[in-house]
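J.: One structure follows; several queries about it will come next.
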Amino acid sequence: MEVIDLESTSTADAVLAAVKKAILEAGKGDAKVAAACGDISVTSMWRLTNGQQVAKVRVPRSVKPTEVSRVRVGWTNCRFRIRRPEAIRCFKCHGFGHTQGRCSGLDMSDSCRKCGDKSHKGEGVPFWKMRCL
Numbered sequence: 006m007e008v009i010d011l012e013s014t015s016t017a018d019a020v021l022a023a024v025k026k027a028i029l030e031a032g033k034g035d036a037k038v039a040a041a042c043g044d045i046s047v048t049s050m051w052r053l054t055n056g057q058q059v060a061k062v063r064v065p066r067s068v069k070p071t072e073v074s075r076v077r078v079g080w081t082n083c084r085f086r087i088r089r090p091e092a093i094r095c096f097k098c099h100g101f102g103h104t105q106g107r108c109s110g111l112d113m114s115d116s117c118r119k120c121g122d123k124s125h126k127g128e129g130v131p132f133w134k135m136r137c138l
């Protein structure tokens, strides 16, 4: 799960406390939820270019984290959502589901990843000459 729209001053401890509080409130006194809240942890935090932060939170499925959509961290109501990992992509054939070490496809490494054209793969090509934009 991830907490997004965090302020730049938010800490991992504040995020952890807010997530636990929100899940306990959504659990409405369920003993299983209260027991599983000890397993919640903030695994990483990073800054975005707009000054906000994103926190990656590990939450056991037994606490039903999808019932919580917003978490209040400090003065900010932050979105709480499922983190969708990016698909594995091959840099050789530009296919999905495998990496170039196990690729048996055509070598397209010198082609554009969007359209497959070889004319604008290199650096220094102006954006108005790119056909795939």
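Throughout the sequence shown, residue numbering follows the working numbering, covering 6 to 138 in sequence. Glycine included, each C-beta is placed from N, C-alpha and C at the ideal position.
Check this for me: beta carbons of Arg-52 and Ser-15, under 8 Å apart or not?
T.: no
J.: With the cut-off set at 8 Å, would you say Val-68 and Gly-32 are in Cβ contact?
T.: yes
J.: How would you write the range of the beta strand (DSSP E) that Val-73 sits in, first residue to last?
T.: Counting along the chain, Val-73 falls outside any beta strand (DSSP E), and DSSP gives it neither H nor E.
J.: Find the nearest neighbour of Cys-95 within the set Met-6, Cys-108, Ala-22, Cys-42, judged by alpha-carbon distance.
T.: Ranking the options by Cα distance to Cys-95, first place goes to Cys-108.
J.: What are the start and end residues of the beta strand (DSSP E) that includes Asp-18?
T.: Note, Asp-18: premise wrong, no beta strand (DSSP E); alpha helix (DSSP H) at 17-32.
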